[in-house]
Amino acid sequence: MRHFAKLFSRLDSTTKTLVKVAALVDYLEEASDEAKLWAVALLTHKRPRRPVNTRLLREWAADLAEVPLWLFEESYHVVGDLAETISLVLPPPVEVSDHPLDYWIDYLESIRDLEEEEKREMIVAAWQQLGQAERFVFNKLITGGWRIGVSQKLMVRALAKYADKDENVIAHRLMGKWTPRETTFTELILSEEENEDRSRPYPFYLAYALEDAPDSLGPVEEWQAERKWDGIRGQVIVRQGELFVWSRGEELVTDKFPEYAPFAEALPDGTVIDGEILAWDGEKPLPFNVLQTRIGRKKVGKKTLQTAPVALMAYDLIEADGEDLRERPLQERRARLEEIVAVVAHPRLQISPIVPAASWEDLAEAREVSRVHYSEGLMLKRKDSTYKVGRKRGDWWKWKVDPLTIDAVLIYAMRGHGRRANLYTDYTFAVWDGEALVPFTKAYSGLTDAEIRKVDRYVKKNTIERFGPVRSVTPQLVMEIAFEGISKSTRHKSGVALRFPRIARWREDKPAAEANTLLDLLGMLEAYG
Numbered sequence: 001m002r003h004f005a006k007l008f009s010r011l012d013s014t015t016k017t018l019v020k021v022a023a024l025v026d027y028l029e030e031a032s033d034e035a036k037l038w039a040v041a042l043l044t045h046k047r048p049r050r051p052v053n054t055r056l057l058r059e060w061a062a063d064l065a066e067v068p069l070w071l072f073e074e075s076y077h078v079v080g081d082l083a084e085t086i087s088l089v090l091p092p093p094v095e096v097s098d099h100p101l102d103y104w105i106d107y108l109e110s111i112r113d114l115e116e117e118e119k120r121e122m123i124v125a126a127w128q129q130l131g132q133a134e135r136f137v138f139n140k141l142i143t144g145g146w147r148i149g150v151s152q153k154l155m156v157r158a159l160a161k162y163a164d165k166d167e168n169v170i171a172h173r174l175m176g177k178w179t180p181r182e183t184t185f186t187e188l189i190l191s192e193e194e195n196e197d198r199s200r201p202y203p204f205y206l207a208y209a210l211e212d213a214p215d216s217l218g219p220v221e222e223w224q225a226e227r228k229w230d231g232i233r234g235q236v237i238v239r240q241g242e243l244f245v246w247s248r249g250e251e252l253v254t255d256k257f258p259e260y261a262p263f264a265e266a267l268p269d270g271t272v273i274d275g276e277i278l279a280w281d282g283e284k285p286l287p288f289n290v291l292q293t294r295i296g297r298k299k300v301g302k303k304t305l306q307t308a309p310v311a312l313m314a315y316d317l318i319e320a321d322g323e324d325l326r327e328r329p330l331q332e333r334r335a336r337l338e339e340i341v342a343v344v345a346h347p348r349l350q351i352s353p354i355v356p357a358a359s360w361e362d363l364a365e366a367r368e369v370s371r372v373h374y375s376e377g378l379m380l381k382r383k384d385s386t387y388k389v390g391r392k393r394g395d396w397w398k399w400k401v402d403p404l405t406i407d408a409v410l411i412y413a414m415r416g417h418g419r420r421a422n423l424y425t426d427y428t429f430a431v432w433d434g435e436a437l438v439p440f441t442k443a444y445s446g447l448t449d450a451e452i453r454k455v456d457r458y459v460k461k462n463t464i465e466r467f468g469p470v471r472s473v474t475p476q477l478v479m480e481i482a483f484e485g486i487s488k489s490t491r492h493k494s495g496v497a498l499r500f501p502r503i504a505r506w507r508e509d510k511p512a513a514e515a516n517t518l519l520d521l522l523g524m525l526e527a528y529g
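If you count the sequence shown from 1, position 84 lands on 84 in my numbering, and the numbers rise without skipping.
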């Protein structure tokens, strides 16, 4: 655990990629194979299930520290991180142990099914033999939320450097449903043989947002344009007669989309299609909020299948007849994909249409009507591009439509987390309905650090009421809220829900009385919902 705590500290103390990679490589060189494997799992979001709920952790920590629970809770709000708060308030350890990371993973696993008092004894015993840094990491093993700036891409770089292997090979090996309980570090990373896992997806190729004028990309005829569909990116895999559906978040979601079950027989064996899982009425996409009604459900009932049916909008073919096609040019992959979709001829398998254009001006016009097609803009892909790993510049770009905007009044503020735990950074906004303000969205990003501090001072000086970490404030500050889409909602008092709301700018030039109204929002809903 000492080695992992040291790694955690090094990763958390820098924002420089090369320094983080060096820290990871150093850890891989000194840790045991079991500890290495668990570190890879934890830092690529394969955390074990939580064995203890956080309410109990707070109570036990307050009791051991001999402080009132209310004081612990206030400290937690200030620190912003439960794992860190516990590590700070506990008394020094009674004894110091030096068990490795994998020991403590097994330790936590062993208490999962114990009674509450037995769990308490085990957790307290662990706290009493770990130093502050090790306690912090131990608590993180329970609570999750590492937030130390380690992406899967960064972990891939470190593993590739340590193992002297190609990054693409490592990235592919980290995909899928592997767990440290079912493999070893050697099998996963060091083995020269490809691991047999017929369910394993490929790393997704991701596009950067286009910031320059599109004609900077060169002749338009070198590019393939498609709609940027608003759904869930996924891969459909058929191998050995079995179907697997993966989301971009590396979640196996086959059971959540039973409409795709016929693909197991309809698609040729050894096929992997990259596409978008869309709510689909048989002829066209439905708004994203329709698909949202299925997200998070463990079981999909008959009513949901009727009200939120889905289709796969196929983008790319990355495996055919068991052959990896990622190094083939897009034009070739697209031609083969069109053949497969035509032969299968299944209503739940659509192919993303190519948007024809003789000039960049034509594509600009097509982009302007994206919302009519329930899309977010255009995808631009170089016709001779290979299918790369992760987010790469040059060959794939997303050219999104400009966001919708509305001016709203700040009415509630809540403290942030982590390094912003002392600042009010999470805001609720409202629009006018007659003389009343109706809340309609929350936003957490878009202001500069200086603006956040300025808003924080305003919140603290203009608080009307307090509700735990939330404060209601005098409604004076106006912000321009940008969002990608709008839909009906029965869960919100305003009757609408926004897609990806964020603060576009602080309208210091505008008084609260001139903010937008609920009628303005409903007009947007009628036009774009």
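For glycine and all other residues, C-beta sits at the position ideal for the given N, C-alpha and C.
Out of the options, which has the shortest C-alpha to C-alpha gap to residue i?
| i | options | result |
| --- | --- | --- |
| Ser247 | Gln128, Asp321 and Asp274 | Asp274 |
| Gln350 | Ala504, Glu514 and Leu312 | Leu312 |
| Ile503 | Lys20, Pro100 and Asp426 | Asp426 |
| Arg49 | Gln129, Asp113 and Pro347 | Asp113 |
| Gln331 | Val310, Ile354 and Pro309 | Ile354 |
| Thr517 | Asp255, Glu435 and Ala450 | Glu435 |
| Pro51 | Asp215, Leu108 and Ser75 | Leu108 |
| Ser385 | Leu206, Glu59 and Arg420 | Leu206 |
| Leu64 | Val124, Ala366 and Glu115 | Val124 |
| Lys161 | Leu28, Arg367 and Asp509 | Leu28 |
| Asp33 | Asp102, Leu521 and Leu252 | Asp102 |
| Leu217 | Ala23, Asp395, Leu7 and Asp433 | Asp395 |
Is it buried or exposed, residue i, if we count other Cβ atoms within 10 angstroms and call 16 or more buried?
| i | result |
| --- | --- |
| Phe257 | buried |
| Glu84 | buried |
| Lys493 | exposed |
| Leu363 | buried |
| Val78 | exposed |
| Arg227 | buried |
| Thr441 | buried |
| Glu222 | exposed |
| Trp229 | buried |
| Leu519 | exposed |
| Val389 | buried |
Beta-carbon within less than 8 angstroms of residue i's beta-carbon, same chain only, minus the 5 sequence neighbours each way: which residues are those?
| i | result |
| --- | --- |
| Leu404 | Ala482, Phe483, Glu484, Gly485, Ile486, Met524 and Tyr528 |
| Thr307 | Val290 and Thr293 |
| Thr304 | Thr293, Arg294 and Arg297 |
| Pro475 | Val409, Leu410, Ile411, Ala430, Leu437 and Ala512 |
| Ser445 | Arg502 and Ile503 |
| Glu323 | Gly270 |
| Thr383 | Per the sequence presented here, residue 383 reads as Lys, with Thr not at that position. Within the same chain, Lys383 has close Cβ partners Glu222, Trp223, Gln224, Pro329, Leu330 and Gln331. |
| Glu118 | Ile111 |
| Leu286 | Leu278, Ala279, Trp280, Ala308 and Tyr374 |
| His417 | Gly80 and Asp81 |
| Leu423 | Arg415, Gly416, Ile452, Arg453 and Asp456 |
| Leu69 | Arg58, Glu59 and Ala62 |
| His346 | Pro262, Phe263 and Ala266 |
| Ala366 | Ala225, Val355, Ala357 and Leu378 |
| Leu130 | Met1, Pro93, Val96, Ser97 and Phe138 |
Quick one: residues in its chain with C-beta nearer than 7 angstroms to the C-beta of residue i, no 5 flanking neighbours on either side, listed in chain order?
| i | result |
| --- | --- |
| Arg393 | Tyr208 |
| Ala497 | Asn289, Ser487 and Ser489 |
| Arg507 | Asp407, Val478, Met479 and Glu480 |
| Leu174 | Thr44, Gln152 and Val156 |
| His99 | Met1 |
| Pro469 | His77, Met414 and Arg415 |
| Phe500 | Phe483 and Glu484 |
| Leu190 | Ala163 |
| Gly282 | Pro347 |
How is the beta strand (DSSP E) around residue i delimited, first residue to last?
| i | result |
| --- | --- |
| Gln548 | The question about residue 548 has no answer here: the residues shown for the chain are numbered 1 through 529. |
| Trp432 | Tyr424 to Asp433 |
| Leu437 | Ala436 to Ala443 |
| Leu108 | Per DSSP, Leu108 belongs to no beta strand (DSSP E); it is in the alpha helix (DSSP H), Leu101 to Ser110. |
| Tyr315 | Val310 to Ala320 |
| Ile277 | Thr271 to Ala279 |
| Thr405 | Leu404 to Arg415 |
Over what stretch of residues does the alpha helix (DSSP H) that includes residue i continue unbroken?
| i | result |
| --- | --- |
| Tyr528 | Leu518 to Tyr528 |
| Lys454 | Asp449 to Lys461 |
| Phe483 | Segment Val478 to Phe483 is the beta strand (DSSP E) holding Phe483; no alpha helix (DSSP H) there. |
| Leu24 | Thr17 to Glu30 |
| Thr307 | Lys302 to Thr307 |
| Trp38 | Asp33 to Leu43 |
| Lys379 | Looking at the sequence shown, residue 379 is not Lys but Met. That residue, Met379, is in no alpha helix (DSSP H); its beta strand (DSSP E) goes Ser375 to Arg382. |
Skipping 5 residues on each side, what residues in its chain have a beta carbon closer than 6 angstroms to that of residue i?
| i | result |
| --- | --- |
| Leu37 | Pro180 and Phe185 |
| Ile232 | Ser247 and Ile277 |
Is residue i close to the ligand NAP? I mean its beta-carbon at under 6 angstroms from any heavy atom of the ligand.
| i | result |
| --- | --- |
| Ala126 | Of the ligands one can find in the structure shown there are none, so the ligand NAP has no counterpart to examine. |
Does residue i have its Cβ less than 7 angstroms from a Cβ in chain D?
| i | result |
| --- | --- |
| Leu380 | Chain labels in this structure do not include chain D; a single protein chain is all it has. |
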